[in-house]
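A.B. asks: Below are the structure tokens for one structure; questions will follow.
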Amino acid sequence: MAEIAQDSGGGQKKGGKVRSKKMSTRIDFTPMVDLGFLLITFFMLTTTLAKPNIMALVMPEKDKIKEEDIEPVKESKVLTLLLGDKDKVYYYEGITDAKLDSTDFAAEGVRQVILNKMDKVKAQFGLEDYKKKNKEGVEEDLKGSFINVIIKPMKGSRYKNLVDALDEMAICKVRYYVILDVSKLEEDFVKNPAAGLKFSAEAQLEAATK
Amino acid sequence: MPKHKPKRGAPSIDMTAMCDVAFLLLTFFMLTAKSKPQETVIVDTPTSISETKLPDAGTLTVLVSKEGKVFLDMAGSHTRTELISDVNTRYNLGLTQEDAVRFANVGSFGVSRAQLKQWLRMDPAERGKIQTDGIPIDTADVNKSELADWIHNARLAQFRLKQEGKVKDEYVMVVKADADTPYESVQKVINTLVDINVNKFNLITTSEGKPGGE
């Protein structure tokens with residue numbers, strides 16, 4: 000392709016001086032343009048694709064939770080997820096007579112647990128109204144069932160578990176969730192589920208505001 | 000009437016202009032592409048469905064390796080210079096001007112304050128090879144925690160420069176941890192951040208398909 004086109008018309012003139020052949024300097028630029036655009040594509044893709052995804056996380060402020068800010072939550076709306084080792088999830092509902100169960104992060108695992116809990120809350124309390132700004136910044140009136148999820152990663156769990164749990168919150172559209180430290184009582188509960196969770200509401204509140 | 004003869008041969012187009020444009024764009028993208036500074040630690044971030052992209056503003060990144068070692072990286076050599084001179088005078092690290100320049104360009108670092116001088120004076124190739132212990136975190140007393148100190152001072156430096164109009168944004172706090180990092184290590188970092196009143200931060204993830212193929 001990249002040939003230099005030669006002027007073929009001329010030839011030698013009769014009787015004239017012997018002139019050197021004139022070469023036209025017309026170069027086919029097509030391959031060069033090809034290469035240029037290939038490189039452009041490469042740099043464009045690498046600059047935009049290099050940006051990693053993020054997941055925003057807001058932690059409760061320390062020391063600034065005032066007495067009047069604490070709003071009691073219905074026990075029957077609470078679901079506690081304990082993230083254990085080997086990617087296991089232990090969970091219990093409410094506090095009184097809590098039964099410990101375990102599941103995992105498969106699609107039919109913890110997601111189903113959350114959705115079931117949502118259905119249960121919906122059956123009991125119905126849907127609640129809430130306002131949410133949509134992508135255009137306009138507030139929309141929406142309805143949803145609200146549950147409160149407490150995520151407590153335990154010793155032996157890995158970072159991936161936490162991110163997966165937060166993902167499930169986003170997938171199931173859980174509006175209220177919080178990451179808290181696991182308590183001794185819960186660790187014992189996981190070790191010995193038959194003994195039950197001896198968790199007073201006061202202890203839970205204390206642990207939450209600590 | 001003479002028959003209209005179709006032109007023989009390929010029509011030749013002058014590619015010069017196109018070539019000019021192509022290379023102009025190429026130059027532009029090459030110059031704007033930020034060269035990725037060498038990372039002292041490899042971190043495989045977990046996957047998530049989140050599709051939010053990291054904002055363009057300067058980031059202050061805490062890296063947590065698989066072993067739970069903590070590294071720190073921040074954007075903007077201006078802020079880094081400001082930060083290191085500030086830390087140098089406060090803790091009497093004995094760093095020279097050259098050390099400060101090195102610090103401004105070094106990328107992520109994970110050494111204690113006491114070892115910083117020695118680490119900065121290493122040969123860059125050697126520096127990439129050796130294993131550092133990460134920035135120490137004191138979980139009991141936040142005032143003694145070096146990580147808390149670094150983050151706090153970096154944010155202050157960035158804020159000062161913003162007031163002076165030298166940088167555009169305040170730092171966006173980013174936590175980048177390995178998928179296999181034990182939660183305790185991440186917890187230490189998160190607690191440190193909450194302790195110094197950084198309650199909003201971003202976890203770096205890699206994208207994964209939404210369930211149900213949405």
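So the protein lines, in turn, are chains A and B. If you use numbering that gives the first Met the number 0, the first sequence corresponds to residues 0 to 209, in order. If you use numbering that gives the first Met the number 0, the second sequence corresponds to residues 0 to 213, in order. Each residue gets a CB set at the ideal place from its N, CA and C atoms; glycine is no exception.
(1) Measure the C-alpha to C-alpha separation of ILE129/B and ASP168/B and round it to an integer number of angstroms.
(2) Just tell me which of PHE42/A, MET117/A and LYS130/A has its CA closest to the CA of SER75/A.
(3) Ignore the nearest five residues each way along the sequence and tell me which others in VAL166/B's own chain have a CB closer than 8 angstroms to its CB.
(4) With DSSP run on the structure shown, which of helix, strand or coil describes GLU92/A?
(5) At a CB-CB cut-off below 7 angstroms, which residues of chain B make contact with THR29/A?
(6) Would you please verify whether the beta carbon of ASN191/A is less than 8 angstroms from any beta carbon of chain B?
(7) Using the beta-carbon count (16 or more within 10 Å), is ARG154/B buried or exposed?
(8) Tell me which same chain residues have a C-beta within less than 6 angstroms of the C-beta of ARG110/A, skipping the five on either side of it?
(9) Taking C-alpha atoms, which residue in LYS52/B, THR138/B, TYR90/B and ALA124/B lies nearest to VAL215/B?
(10) Under 8 angstroms, with one C-beta from each stretch per pair, do the segment 146-156 of chain A and the segment 73-92 of chain A reach the 3-pair mark?
(11) Compute the distance between the beta-carbons of ALA113/B and THR80/B, then report whether it is under 8 angstroms.
(12) Could you name the residues of the same chain whose beta carbon sits closer than 7 angstroms to that of ASP179/B, not counting the 5 residues immediately before and after it, in chain order?
(13) Give the residues of chain A in contact with ASP137/B, contact being defined as C-beta atoms less than 7 angstroms apart.
(14) What is the DSSP secondary structure of LYS68/B, reduced to helix, strand or coil?
(15) Apart from the five residues on each side of it in sequence, which residues of its chain come closer than 8 angstroms, Cβ to Cβ, to VAL188/B?
(16) Reducing DSSP to helix, strand and coil, say where LYS199/B ends up.
(17) If you draw a straight line from the alpha carbon of LEU92/B to that of VAL86/B, how long is it in whole angstroms?
(18) Take PHE122/A as the anchor and find which of ALA105/A, SER144/A and ASP103/A has the nearest alpha-carbon.
(19) Roughly how many angstroms lie between the CA atoms of ILE83/B and ALA99/B, to the nearest whole one?
C.D. replies: Taking the coordinates as given:
(1) Between the alpha carbons of ILE129/B and ASP168/B lies a distance of about 34 angstroms.
(2) Among PHE42/A, MET117/A and LYS130/A, the Cα nearest to that of SER75/A is on MET117/A.
(3) If we look at VAL166/B and ignore the five residues flanking it on each side, its Cβ neighbours are GLY57, GLY75, HIS77, THR78, GLN157 and LEU160.
(4) Strand.
(5) The contacting residues are MET14.
(6) So, not an interface residue.
(7) With 16 or more Cβ atoms within 10 Å of its Cβ, ARG154/B is classed as buried.
(8) Residues GLU167 of the same chain have their beta carbon placed closer than 6 angstroms to that of ARG110/A, with the five preceding and five following residues left out of the count.
(9) Residue 215/B lies beyond the range of chain B shown here (0 to 213); nothing can be said about it.
(10) Verdict: yes, contact present.
(11) The answer is no: Cβ separation not under 8 angstroms.
(12) Cβ neighbours of ASP179/B within its own chain (closer than 7 angstroms, five residues either side excluded): LYS65.
(13) Neighbours of ASP137/B on chain A: none; closest Cβ ~16 angstroms, over 7 angstroms.
(14) Residue state, collapsed to three classes: coil.
(15) The answer, listed in chain order, is VAL61, VAL63, VAL69, ILE136, LEU146, VAL174 and ALA176.
(16) Strand at LYS199/B.
(17) Our two residues, LEU92/B and VAL86/B, have alpha carbons roughly 8 angstroms apart in a direct line.
(18) The displayed chain sequence assigns Ala, not Phe, to residue 122/A. The residue from ALA105/A, SER144/A and ASP103/A with its alpha-carbon nearest to that of ALA122/A is SER144/A.
(19) In a straight line, the C-alpha of ILE83/B is about 6 angstroms away from that of ALA99/B.
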